[in-house]
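K.L.:
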Amino acid sequence: MSPSLILPMAAHVALAALLYVLLTVARAPAIWGIGRGSDGSNPFAGVEPRVSANLSNQFEWPVVFYAACIILCLQGEPGRAAIGLAWVFVGGRILHSAVQIGTRNVRLRGIVFTLNFLAVLGLWVLVVARAVSGPVA
């Protein structure tokens, strides 16, 4: 398997791992009492549901990303277009996480998601084009 697509896949795995750490920290006051406010409250109560939702998002559309990357690798050298689209996807996922966790701006989150969505569709266009006619860009 080509390391050129392994790196963006590994970067996405690292993002998911970071989100698990953030979720653990956000839940620590409620679960372990670590970091509770002076009144016993969880100072992260407002952000915890957004981190949790974002982490769940990492196992939805990204699964289609992984499938496309693996198929492209099995078809031969992925090419610059595939590598570029994979990095656009990962960058978009990082931005999507920042928007979803750090803001309540649903419109911006939708725009960023569309970028991710289109990058994966582009990867699948390459998969299908290679399957039909042989290697392309």
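According to the UniProt record's numbering, the sequence shown is numbered sequentially starting from 1. All residues carry an ideal CB built from backbone N, CA and C; glycine is no exception.
#1: Are glycine 84 and valine 112 close, meaning C-beta to C-beta below 8 Å?
#2: Should valine 90 be labelled buried (16 or more other beta-carbon atoms within 10 Å of its own) or exposed?
#3: Secondary structure at glycine 113, three-state DSSP: helix, strand or coil?
#4: Per DSSP, what kind of secondary structure is asparagine 42 in: helix, strand or coil?
#5: Would you say the beta carbon of proline 78 is closer than 7 Å to some non-hydrogen atom of the ligand ZN?
#6: Rounded to the nearest angstrom, what separates isoleucine 34 and isoleucine 71 at their Cα positions?
#7: Considering asparagine 57, what are the terminal residues of the alpha helix (DSSP H) in which it resides?
#8: Assign isoleucine 71 to one of three DSSP states: helix, strand, or coil.
#9: Hey, out of Ser97, Val88, Thr103 and Arg130, whose CA is closest to valine 120's CA?
#10: Cβ of valine 125 within 8 Å of Cβ of arginine 109?
#11: Going by alpha carbons, who is nearest to alanine 129 out of Val63, Arg107 and Ala81?
#12: How would you call alanine 86, buried or exposed, if buried means at least 16 neighbouring beta carbons within 10 angstroms?
#13: Can you list, in chain order, the residues of its chain whose CB lies under 8 Å from that of glutamine 75, leaving out five sequence neighbours each side?
P.N.:
Quick look at the numbers:
#1: no
#2: With 16 or more Cβ atoms within 10 Å of its Cβ, valine 90 is classed as buried.
#3: A quick correction: the sequence has phenylalanine, not glycine, at residue 113. In the structure shown, phenylalanine 113 sits in a helix (DSSP, three-state: H, G or I).
#4: In the displayed model, asparagine 42 falls within coil according to three-state DSSP, outside both helix and strand.
#5: In the structure on display, the ligand ZN does not appear, and there are no ligands present to speak of.
#6: 44 Å
#7: 48–57
#8: helix
#9: Val88
#10: no
#11: Ala81
#12: buried
#13: Contacts found: Val127, Arg130, Ala131 and Pro135.
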